[in-house]
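Sequential numbering of the sequence shown, starting at 47, is according to the numbering used here.
Notes follow once the structure below has been shown.
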Amino acid sequence: MRKRKFSVIDIIIVVVVLATALSALIFINAMGNDGNKVEIIVNGVVFSTVNLKTDEKKEIEIKDSKGKVTNILVLENDTAYVEWATCKNQDCVHHNRISKVGESIVCLPNNVEINIIENTGVEDAAW
Ligand SMILES: [Zn+2]
């Protein structure tokens, strides 16, 4: 049986290939058009900004200035949608799921706006 020995060059090649692949992955993530942040605006003020992609279904309670829950936003399968709302017209609840940059769900009665925004955070990118 022949035992294969790794030379220093082999190790360098493996490291370079892995580093390149990782950089490309980070780059693709940073450049992704699939909108990876959800911005929640209440009364014109940013209430919260969360990652669109989650490992499991996530519910976010959107509250007004008095702390009353007005809408419940759900993040699931890289999409966002309003599951429940106090508004009469329920337009936001019936709105299609959103996932792409520029898409939004607006709840006029509650003055709530949910936008998909580009993830500009590149804190993980180490060049
Ligand atoms: Zn609504």
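Each residue gets a CB set at the ideal place from its N, CA and C atoms; glycine is no exception.
No experiment lies behind these values; they were computed from the predicted model shown.
Between which two residues does the alpha helix (DSSP H) harbouring residue i extend?
i: residue 139; result: 137-140
Alpha carbons only, please: which of the options is nearest the one belonging to residue i?
i: residue 89; options: 68, 105, 64 and 152; result: 152
i: residue 165; options: 70, 123 and 85; result: 85
i: residue 125; options: 139, 95, 100 and 116; result: 100
i: residue 140; options: 146, 117 and 61; result: 117
i: residue 146; options: 58, 64, 98 and 61; result: 98
i: residue 130; options: 105, 111 and 112; result: 105
i: residue 154; options: 121, 102, 53 and 110; result: 110
Taking the beta carbon of residue i as the centre, do at least 16 other beta carbons fall within 10 Å, making it buried, or is it exposed?
i: residue 55; result: exposed
i: residue 66; result: exposed
i: residue 71; result: exposed
i: residue 64; result: exposed
i: residue 58; result: exposed
Between the alpha carbons of residue i and residue j, how many angstroms are there, rounded?
i: residue 83; j: residue 108; result: 16 Å
i: residue 137; j: residue 119; result: 13 Å
i: residue 134; j: residue 148; result: 26 Å
i: residue 156; j: residue 127; result: 15 Å
i: residue 92; j: residue 158; result: 10 Å
i: residue 174; j: residue 73; result: Since the first and last residues shown for the chain are 47 and 173, residue 174 lies out of range.
i: residue 96; j: residue 60; result: 35 Å
i: residue 87; j: residue 143; result: 17 Å
Helix, strand or coil for residue i, going by three-state DSSP, please let me know.
i: residue 78; result: Here residue 78 scores only 49 on pLDDT, less than 50, and its place in the model is too uncertain to base an answer on.
i: residue 66; result: helix
i: residue 84; result: strand
i: residue 121; result: strand
i: residue 115; result: strand
i: residue 128; result: strand
i: residue 147; result: coil
For the beta strand (DSSP E) containing residue i, name the first residue and the last one.
i: residue 95; result: 91-97
i: residue 109; result: 104-109
i: residue 161; result: 158-163
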